[in-house]
Amino acid sequence: MWRAGSMSAELGVGVALRAVNERVQQAVARRPRDLPAIQPRLVAVSKTKPADMVIEAYRHGQRTFGENYILSSCPEIKWHFIGHLQKQNVNKLMAVPHLFMLETVDSVKLADKVNSSWQKKGSPGRLKVMVQINTSGEESK
Numbered sequence: 457m458w459r460a461g462s463m464s465a466e467l468g469v470g471v472a473l474r475a476v477n478e479r480v481q482q483a484v485a486r487r488p489r490d491l492p493a494i495q496p497r498l499v500a501v502s503k504t505k506p507a508d509m510v511i512e513a514y515r516h517g518q519r520t521f522g523e524n525y526i527l528s529s530c531p532e533i534k535w536h537f538i539g540h541l542q543k544q545n546v547n548k549l550m551a552v553p554h555l556f557m558l559e560t561v562d563s564v565k566l567a568d569k570v571n572s573s574w575q576k577k578g579s580p581g582r583l584k585v586m587v588q589i590n591t592s593g594e595e596s597k
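457 is the number of the first residue of the sequence shown in the working numbering; add one for each residue after it.
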């Protein structure tokens, strides 16, 4: 996986973001023609970055951010919640404006809680959710 963290510190967030988007578009141009022409979505992970870097990325057109803490509101940002979500924090997360996706749901109980809370919120759209599946059969996973 290629990371732009050190590049952004040296060159600025805008230059780093542009470089990453160029690499994504180069990869898109190389993909086989028989694959669906779905435009990839760049999710900028902001979890350890100061707010001014997130704002700078936003100013340069980035609208999708990944975070693993309960978030505050920012206009037009599509928030992806990444990392483990504890059941006691579901209602707080569902209250976040512009919550776009939950990555990942790892149990039926958590899925039920998320579904119930999202319905109570009365949101017109569906929340996108990625489900974590234990394919190894290990009980610790």
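Quick reminder that beta carbons are idealized off the backbone N, C-alpha and C, glycines included.
Pick from the options that is closest to residue i, judged by C-alpha positions
i, options, result
"residue 477", "496, 492, 486 and 468", "496"
"residue 522", "471, 505, 474 and 547", "505"
"residue 498", "507, 472, 491 and 492", "472"
"residue 532", "524, 520, 546 and 539", "520"
"residue 567", "534, 493, 596 and 545", "545"
"residue 562", "576, 552, 547 and 539", "539"
"residue 580", "569, 588 and 555", "555"
Distance, residue j Cα to residue i Cα
i, j, result
"residue 501", "residue 510", "9 angstroms"
"residue 462", "residue 468", "Reliability fails at residue 462, whose pLDDT of 49 lies under 50, so the model's placement of it is uncertain and no value is given."
"residue 503", "residue 513", "13 angstroms"
"residue 582", "residue 518", "22 angstroms"
"residue 570", "residue 559", "12 angstroms"
"residue 551", "residue 482", "37 angstroms"
"residue 507", "residue 470", "15 angstroms"
"residue 479", "residue 588", "28 angstroms"
"residue 525", "residue 491", "35 angstroms"
Which of helix, strand or coil DSSP assigns to residue i
i, result
"residue 559", "strand"
"residue 534", "strand"
"residue 522", "strand"
"residue 552", "coil"
"residue 587", "strand"
"residue 499", "coil"
Residue i: CB within 7 angstroms of a non-hydrogen atom of the ligand MG
i, result
"residue 482", "Within the structure as shown, the ligand MG is missing, as the structure has no ligands at all."
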